[in-house]
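Those protein sequence lines, which keep their order, are chains A, B and C.
Per this note's numbering, the very first residue in the first sequence carries number 7; after that it's consecutive.
Per this note's numbering, the very first residue in the second sequence carries number 2; after that it's consecutive.
Per this note's numbering, the very first residue in the third sequence carries number 37; after that it's consecutive.
We put the beta carbon where it would ideally sit given N, CA and C, even for glycine.
All values reported here derive from a predicted model rather than from experimental measurement.
Step one of this worksheet: look at the structure below.
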Amino acid sequence: MNVIEVNNLSFSYGDNINAIDNVSFKIKEGSYTTIIGHNGSGKSTIAKLLIGLLEPLKGNIMVEGVPLTLENLSIIRGKIGIVFQNPDNQFIGSTVRDDIAFGLENYMVPQKDMDAIIERFSDKVNMRAFLNSEPSRLSGGQKQRVAIAGILAMSPDIIIFDEATSMLDPKGKEDIKNVIMQLHKESKMTIISITHDVEEVVESDNVIVLNQGKIVMEGKPSKVMVNKKLLSIGLDIPFSYKVVEELRKQKVKISDEVTMEGLVNQLANLI
Amino acid sequence: MNSLTLGKYIPLDSIIHKMDPRSKIIGMLIIIVSIFFPSGWIGYGIIGLSVFVVVLLSKLNIKIIFNSMKPMMMMLLFLLFINTLVIKDGDLLLDVFGFTIYSEAIFQTLYITIRLFLMIMTTTTLTATTKPLDLTLGIEDLLKPFKRFGVPSHEIAMLISIALRFIPDLIEETQRIMKAQASRGVDLKEGTFKEKIMAILSLIVPLFVSALQRAEDLANAMEARGYSPGKPRTRYKVLKMKGSDYTLIVCSLILMVSMIVLSRMYA
Amino acid sequence: MPILFENVSHIYSEGTPFRYSALSNVNLDITEGKITAIVGETGSGKSTLVQHLNALLLPTSGKVTVLDRTIISGEKPKDLKGLRRNVGLVFQFPEYQLFEETILKDVEFGPKNFGFEDSEKKAKEALKMVGIEESLFEKSPLELSGGQKRRVAIAGILAMNPKVIVLDEPTAGLDPSGSKSMMNLFYDLNKKYNKTIIIVTHDMEQVFAYCDEVVVMSQGQIKLKTDVKSFFKDSSLCKSFGILAPHLIRLKDSLIEKGFKIDEEVDSIESLVKIVSRQVKK
C-alpha cells in the first residue's frame with residue numbers, strides 16, 4: 007500500500023522560479039526512501055510540503071488516503087513526524103523530559119499517561135539516563151535522539167529526517183543512522199530521509215534524486231547510484247562503485263556494486 | 002558570564018527549591034510591596050532579617066546575592082552624587098569651598114540603597130531557587146483568572162519559557178560572532194566613533210539574522226509537533242501547594258501587615 | 037616562522053563551579069607552509085586550541101608562539117591587530133558573520149579594519165579566488181545561497197592576506213560538490229600562495245586527500261602528531277583513536293584480510309586497483 011502519494015506537485019517561494027516543479031512520487035508502507043540532491047535542489051521544500059508547513063502552488067498530496075488540506079492538517083501531523091537539521095532549534099523543552107512531553111501536551115494525552123510514554127521512548131533512543139538533562143549539557147547527536155523520541159511518542163506511521171545528521175560529528179551521525187535503521191527494521195516504520203550521505207543512500211530501499219526542483223532519477227540505490235549523471239548535478243557516487251569502474255579499466259570482470267562489503271566479497275571470489 | 006548571576010537558576014536541594022513556584026511568586030510580590038512602605042530602620046531590619054532567613058533556608062551562598070548587586074553600584078554612586086547636589090536638608094556634614102553635603106542626602110540614598118538591595122535579594126532568591134520552566138508555569142497559573150479579561154496566560158507563559166530556553170544559546174552565539182568579527186579586526190574598545198558604530202553593527206546584524214533563523218526553525222518544529230496557539234492542550238507538569246507553601250504566604254502577609262502598622266506609627 | 041605551543045593549558049571559568057579544563061599541557065609544533073588537519077571528538081579541545089592562534093583566547097598557563105609573536109600566560113599581549121591580520125581564523129558556519137549591505141563591502145570590512153589602503157582591490161581579488169562572480173559584488177550577501185554565503189565569508193578573511201589560515205570545520209553542512217570545491221580552494225591557497233593552512237575537521241576522506249600532517253586531540257591533549265601518509269598506513273592507528281579510516285584504507289585492509297598481498301603504499305583508487313588487478317582472475 008502507498009502511504010504517501012504526491013501528484014504533480016509544484017511550489018514557488020514567490021520569485022517565479024519553481025522550487026518544486028511538477029513532482030510526482032509514491033512511498034510504500036514500511037519502506038525506507040532517501041531523497042538526495044545538491045543544496046537548493048528542493049529537498050527540504052518537499053519535506054515542508056509533506057507536513058503542511060508550506061502550501062503547494064499546484065498538485066496534491068495524499069497521506070494514507072487523506073488529502074493534505076488545511077482542515078486535515080492536525081490529522082496529517084499525527085501521522086507524519088519530522089526531525090529537522092539543527093539540533094538546537096528544535097529542542098523546545100527545558101529538559102529532555104519536558105521536550106518529549108511537548109508533543110504529548112499538544113495531542114491532549116492525559117497527564118497521568120505521560121511519564122510511561124516518555125520513559126518508553128527515551129529508552130528506545132537510549133536517552134533514558136538523560137531525562138532530567140538540559141539541552142546545553144547534551145551533544146548534537148543526543149539532542150537529535152531526543153527529537154526522535156519526541157516524535158515517536160506521538161506514534162506516527164511515517165517519519166521524515168530532513169538532513170538530520172548533517173550538523174553532527176561522526177559519532178552523532180553513526181548513532182542517528184543506527185536509530186534510523188532500527189526504526190526501519192524493527193518497528194517497520196515508513197522512513198523518508200533527506201541526506202547528502204551516499205553511504206546512507208545505499209542502505210535504503212528506494213532513492214529519489216532531485217535537481218532544480220525536478221525528479222531526475224528514482225529507483226533502487228544499486229541501480230540509481232551507479233549513474234554517472236549524478237556527478238554532473240553536484241552529487242557523488244559511492245566509493246565502491248568508483249573502485250568497480252577502475253577495476254573494469256584494468257579488465258577485471260566485476261558486476262555493479264555500491265557497498266564495500268559486496269565489493270570485498272566479489273574480489274575475494276576472484277583471487 | 003560571571004555578571005549574569007542575576008536571574009540564574011542555581012540547582013540545590015532545599016525546602017525553598019522544592020516549594021510551589023506560585024507561592025514563591027506571591028510571597029515575593031508581597032515582600033516587594035512591603036518594602037515600599039516607609040517603615041523606617043526597624044521595618045527594614047525586620048524585612049532584611051526575614052529575607053535573610055529565606056536565603057539561609059534555600060542554602061544559597063549569600064555571596065551570589067551580593068554579586069548580583071554589583072551592576073547596581075555605579076547607579077547608586079551616581080544617585081548619591083545627584084542627591085548631594087539636590088537635597089539640602091538635615092545637618093550640614095561637609096562644606097568644602099561651597100560644596101555642601103547634608104545628612105538627609107546620605108539618608109535618602111541609604112534608604113534607596115536598602116530598598117533596592119532588599120528587592121534584588123528577594124527576586125534573586127526566587128529566580129535562583131525556581132527552574133525557569135516552573136516559574137513560567139507559576140505565572141501561567143496565576144494569570145489564569147485573568148483569562149476571561151482577554152489575558153492570554155498560556156501564550157505569555159509559552160513566550161517566556163521559550164525566551165528563557167534560548168537565552169544561553171543566544172549568549173553563546175553572541176560570543177561566537179564577537180570572536181569571528183574580532184578575527185576580522187573589530188576592536189570594540191579602540192577606534193573612532195564611526196568605527197565603533199560599524200563594530201556594533203557587525204555584531205547586531207548577524208545576531209538578528211541568526212535569531213530570526215532560529216525563530217523560523219523553532220516555529221516549524223513546534224507546528225510540526227502539533228502545536229497551535231489557542232488550541233487546548235494538556236499539561237505535563239502539575240503544580241501542587243504543600244504546607245510550606247501556605248506558611249510562606251501567611252508569613253509574608255504578616256510581614257506586610259506589620260510594615261503597614263510600622264509605617265503608620267512613623268507617620 | 038614557527039607556530040609553537042609550549043606547555044599550554046586553558047581553563048574556562050576558573051574559580052567557579054563551571055570550571056572546565058579544555059586544554060592541558062599541550063606541546064605542539066605546526067609546520068609552516070603545510071596543510072595540517074586537527075582531528076578529534078567533539079569536546080576534545082580542537083576549537084579552543086585554534087582560538088589561541090590569533091589570541092582570541094589566551095593561555096591560562098604556558099606559551100604560544102605564532103609567527104614573530106609570543107603570547108605568555110598572564111601577560112597582556114601587545115599589538116593583537118598585527119597578529120590577527122596575519123592569522124586569519126574562519127569560524128564554523130562563517131556565513132553568520134556577514135552583515136554589510138553589499139558583498140564587496142562585507143569582504144572589505146576586514147582589510148579596512150586593519151588599515152589597508154587598497155582594501156577594495158584586496159576584496160575583489162579574494163572574491164575572485166573563492167569563485168564569486170563580479171556581477172554579484174553589489175548584491176546583498178543575504179540574497180546568496182548557503183554555499184555562496186560561506187565563500188563570501190571566507191573571502192572576508194582571505195582579503196586580509198593572512199600568512200596562516202585557520203578553518204574550523206569549513207565544509208560542515210555543504211553538499212558533496214560544494215565541499216569538494218571548498219577543499220580544492222584551500223589546497224590551491226597552500227600550493228599557489230604558500231599559505232599555512234590549519235583545518236579542524238571530522239572528515240577523514242578530506243584529511244587523506246588534501247592534508248600533509250595530522251594532529252589527533254583527545255580530552256584536551258595532543259595524542260599524536262604525524263604525517264598523513266603514516267597515519268593512514270593502515271586502519272589500525274585510526275581505530276586506536278576511535279576514528280573511522282578513509283574508504284580506501286578500509287578497503288585495502290579488508291582485501292588483505294581476504295588474502296590479497298598489498299605491501300606498497302596506496303594513495304588513490306588507481307594505485308590500489310593496479311595492485312589488486314594483478315592478483316585476480318580476469
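- When the Cα atoms are used, Gly-225(A) and Phe-245(A) turn out to be separated by approximately 19 Å.
- At a C-beta separation below 8 Å, Pro-207(B) has these neighbours in chain C: Tyr-132, Gln-133, Leu-134, Phe-135.
- The beta carbons of Lys-220(A) and Asp-21(A) sit no closer together than 9 Å.
- Secondary structure at His-46(C): strand, using DSSP grouped into helix, strand and coil.
- At a cut-off of 9 Å, the C-beta of Arg-226(B) has a neighbouring C-beta in chain A.
- Beta-bridge analysis with DSSP links Gly-87(A) to Ile-165(A).
- Taking 9 Å as the CB threshold, Gly-146(C) lines the interface with chain B.
- Under the three-state reduction of DSSP output, Asp-239(C) falls in the coil class, being neither helix nor strand.
- In terms of beta-carbon proximity, Ile-163(B) lines the interface with chain A, with at least one pair separated by less than 9 Å.
- Residues Ile-250 of the same chain have their beta carbon placed closer than 6 Å to that of Ile-27(B), with the five preceding and five following residues left out of the count.
- Residue-level contact check: Asn-84(B) does not touch chain A, since none of the beta carbons of chain A fall below 9 Å from its beta carbon.
- Phe-17(A): member of the beta strand (DSSP E) spanning 8-18, first to last residue.
- Judged by DSSP in its simplified three-state form, Met-231(A) adopts coil rather than helix or strand.
- For Ala-73(C), the enclosing beta strand (DSSP E) stretches over residues 71-75.
- Cβ atoms of Ile-74(C) and Lys-82(C) come within 8 Å of each other, at about 5 Å.
- In the DSSP assignment, Gly-98(C) falls within the unbroken beta strand (DSSP E) covering 97-102.
- Just measuring C-alpha positions, the residue of Gly-41(B), Phe-38(B), Ile-32(B) sitting nearest Val-52(B) is Ile-32(B).
- Secondary-structure assignment with DSSP links Gln-257(C) through a beta bridge to Ser-254(C).
- Leu-40(C) is bridged by DSSP to Asp-65(C), Thr-101(C).
- Listed by position along chain A, the residues whose Cβ is nearer than 7 Å to that of Asp-211(C) are His-44, Asn-45, His-202, Gly-240.
- For the pair Lys-185(C) and Lys-25(B), the Cα-to-Cα distance works out to about 49 Å.
- Chain A has a Cβ within less than 9 Å of the Cβ of Gln-214(B).
- Burial check for Asp-142(C): the Cβ neighbour count within 10 Å reaches 16 or more, so the residue is buried.
- Sequence-distant Cβ neighbours of Ser-49(C) in its own chain, meaning closer than 6 Å and more than five residues away, are Arg-55.
- Against chain C, the CB of Leu-202(B) has a partner CB under 9 Å away; the residue lies at that interface.
- Boundaries for Met-196(C): no beta strand (DSSP E) harbours it, and the DSSP string shows neither H nor E there.
- Look at the region 91-105 of chain B: it has no residue with a C-beta under 9 Å from a C-beta of chain A.
- Here Pro-73(A) is bridged, per DSSP, to Met-68(A).
- Using beta-carbon distances, Ile-23(A) does not count as an interface residue toward chain C, since no partner is under 9 Å.
- Under the DSSP assignment, Tyr-103(B) falls outside any alpha helix (DSSP H), being part of the beta strand (DSSP E) whose first and last residues are 100-103.
- Glu-293(C) carries a helical assignment under DSSP once its states are collapsed to helix, strand and coil.
- Only residues of its own chain outside the window of five on either side were considered, and among them Val-312, Gln-315 have a CB closer than 7 Å to the CB of Phe-296(C), listed in chain order.
- In the structure shown, Asn-28(A) adopts extended strand secondary structure according to DSSP, grouped into three states.
- Separation of Asp-175(A) and His-202(A) (C-alpha to C-alpha, rounded to the nearest whole angstrom) is 14 Å.
- For a cut-off of 8 Å, the C-beta gap from Ile-168(B) to Leu-204(B) is around 17 Å, too long to register as a contact.
- Interface criterion not met: the Cβ of Val-9(A) is under 9 Å from no Cβ in chain B.
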